[in-house]
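The numbers in my numbering rise by one with no breaks, and the one at position 2 of the sequence shown is 2.
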Amino acid sequence: MMSFHFEIEARDGKARTGSFATPHGKVETPVFMPVGTVATVKGVPQDVLEELGVEILLNNTYHLYLRPGVDMVRQLGGVQKFMSWDHPILTDSGGFQVFSLSDLRKVTEEGVMFRSHLDGSSHFFSPESAIAAQIGLGADIIMAFDECTEHPAEYARTRASMEMTLRWAARSKKYFEEHKPEVPWFSSRQEKTQSLFGIVQGGMFADLRRVSAQKTVELDFPGYAIGGLSVGEPRPMTYEMVDAAIRQLPDDRPRYLMGVGTPEEIVHYVAQGVDMMDCVLPTRAARHGLLFTSQGRITIKNARYAGDEGPLDPACNCKVCLRYSRAYLRHLYASNELLAQMLNTIHNLAFYLGTMRKARQSIRTGQFAEFVSGFQPPHVDPLSRPAAGS
Ligand SMILES: [Zn+2]
Numbered sequence: 001m002m003s004f005h006f007e008i009e010a011r012d013g014k015a016r017t018g019s020f021a022t023p024h025g026k027v028e029t030p031v032f033m034p035v036g037t038v039a040t041v042k043g044v045p046q047d048v049l050e051e052l053g054v055e056i057l058l059n060n061t062y063h064l065y066l067r068p069g070v071d072m073v074r075q076l077g078g079v080q081k082f083m084s085w086d087h088p089i090l091t092d093s094g095g096f097q098v099f100s101l102s103d104l105r106k107v108t109e110e111g112v113m114f115r116s117h118l119d120g121s122s123h124f125f126s127p128e129s130a131i132a133a134q135i136g137l138g139a140d141i142i143m144a145f146d147e148c149t150e151h152p153a154e155y156a157r158t159r160a161s162m163e164m165t166l167r168w169a170a171r172s173k174k175y176f177e178e179h180k181p182e183v184p185w186f187s188s189r190q191e192k193t194q195s196l197f198g199i200v201q202g203g204m205f206a207d208l209r210r211v212s213a214q215k216t217v218e219l220d221f222p223g224y225a226i227g228g229l230s231v232g233e234p235r236p237m238t239y240e241m242v243d244a245a246i247r248q249l250p251d252d253r254p255r256y257l258m259g260v261g262t263p264e265e266i267v268h269y270v271a272q273g274v275d276m277m278d279c280v281l282p283t284r285a286a287r288h289g290l291l292f293t294s295q296g297r298i299t300i301k302n303a304r305y306a307g308d309e310g311p312l313d314p315a316c317n318c319k320v321c322l323r324y325s326r327a328y329l330r331h332l333y334a335s336n337e338l339l340a341q342m343l344n345t346i347h348n349l350a351f352y353l354g355t356m357r358k359a360r361q362s363i364r365t366g367q368f369a370e371f372v373s374g375f376q377p378p379h380v381d382p383l384s385r386p387a388a389g390s
């Protein structure tokens, strides 16, 4: 199979490092995927993403479906060509955004009726139409259509939702198998097309996570995501649900934990055996002046940085840390300059990507446990107390 190939090169405990190959290139795992919601990582041009070593981006199907529209992206050759990113891309199914962003949704066995958050127009996503949209956009990896169960939810409700997601996964796969030659860059000669991943749901119930994982695996996907986590539950519960799912997932397929987390958390998930993650946190936090460094979090607007000539993170060799002072970054942020958002985002991405690079390296050399223990900054909980040392 040319379209997807996953190989594990080394292990340390439950953590693994390796790579997967897609039609638009190879990706080293464990990997953090920056979020490029509307086919852009806000404020960062594609050449800078390449300099940072980004190997795969996530785009949101819901947003691209509404604007510029699937047909337009298809006519332009697919989303890689559209955004001039000749590297792998993964699209989500649209489910999560429909549930979190749109109004007046109505969920039935058939699919989800929703209103655009842009103009209020009515739309319908079914497993079939969500896969059709993702085929038209043409990402390398696409996701089965799922219902992201709300949190908190009762057991019976969570089980019913998880079972519907299983039926939707079967429909997603059937539609994909029948229509995969329709991807804009399809090549039958090279057997080049997209890969469809399944998604494990099951809310905050370990037994439902197990059943969901087992039944999703029976459908046989080249990779498996764990969805519906980091939705407000306490972190130990997230770890428990991830563990319950991973124990049922095949060792030889990548595991993708959707929508997580802080730097400390993503390292923890790697320790649990997760191979892929995405999150808006590094990019969104950057735009709000919250910066992740080897010395902890920094809230750059803080007055204490006004005369600070030192680099943002002395241990970071990204182009921002090599060139600019905290004082200048603080000034840009306080002046609401566009450059503040760009530079802050570049550093935060460098920090996340560097963290994953070090995790991969330490797994290869059998020093992952040391990396994990050395990684924890002095103050642990980030977002509630963002100002490092203030
Ligand atoms: Zn930096």
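A virtual CB, placed ideally from N, CA and C, is assigned to each residue, including glycine. Computed from a predicted structure; not experimentally measured.
Residue environment, residue i, which counts as buried when at least 16 other CB atoms sit within 10 Å
i, result
"residue 365", "exposed"
"residue 352", "buried"
"residue 187", "exposed"
"residue 14", "exposed"
"residue 3", "buried"
"residue 72", "exposed"
"residue 259", "buried"
"residue 341", "buried"
"residue 120", "exposed"
"residue 7", "exposed"
"residue 159", "buried"
"residue 106", "exposed"
"residue 309", "exposed"
"residue 47", "exposed"
"residue 389", "Confidence at residue 389 is low in this model, with a pLDDT of 37, below 50, so the placement of that residue should be treated as unreliable; the coordinate-derived value is given next. Exposed: under 16 other Cβ atoms inside 10 Å."
"residue 9", "exposed"
"residue 313", "buried"
"residue 75", "exposed"
"residue 286", "buried"
"residue 100", "exposed"
"residue 97", "buried"
"residue 171", "buried"
"residue 198", "buried"
"residue 5", "exposed"
"residue 176", "buried"
"residue 374", "exposed"
Segment limits, alpha helix (DSSP H) that includes residue i
i, result
"residue 353", "338 to 364"
"residue 65", "61 to 66"
"residue 44", "Unbroken run through residue 44: none, as it is neither H nor E."
"residue 75", "70 to 75"
For residue i, three-class secondary structure by DSSP
i, result
"residue 213", "helix"
"residue 257", "strand"
"residue 135", "helix"
"residue 6", "strand"
"residue 22", "strand"
"residue 83", "coil"
"residue 55", "coil"
"residue 14", "coil"
"residue 125", "strand"
"residue 370", "helix"
"residue 161", "helix"
"residue 263", "helix"
"residue 178", "helix"
"residue 401", "This structure does not reach residue 401, given that the chain is present from 1 up to 390, and the question cannot be answered."
"residue 205", "coil"
"residue 240", "helix"
"residue 231", "coil"
"residue 173", "helix"
"residue 107", "strand"
"residue 93", "coil"
"residue 195", "strand"
"residue 114", "strand"
"residue 147", "coil"
"residue 200", "strand"
"residue 154", "coil"
"residue 375", "helix"
Boundaries (first-last residue) of the beta strand (DSSP E) holding residue i
i, result
"residue 326", "Here residue 326 belongs to no beta strand (DSSP E); instead the alpha helix (DSSP H) covers 326 to 334."
"residue 225", "224 to 226"
"residue 32", "31 to 34"
"residue 247", "Unbroken run through residue 247: none, as it is neither H nor E."
>> If you measure from each CB to the nearest heavy atom of ligand 1 and keep those under 6 Å, what residues do you get, in chain order?
In response: 312, 313, 316, 318, 320, 321, 347, 350
> In chain order, which continuous runs of the alpha helix (DSSP H) of length 4 or greater are located wholly inside the region 269 to 324?
Replying inline: 281 to 287, 319 to 323
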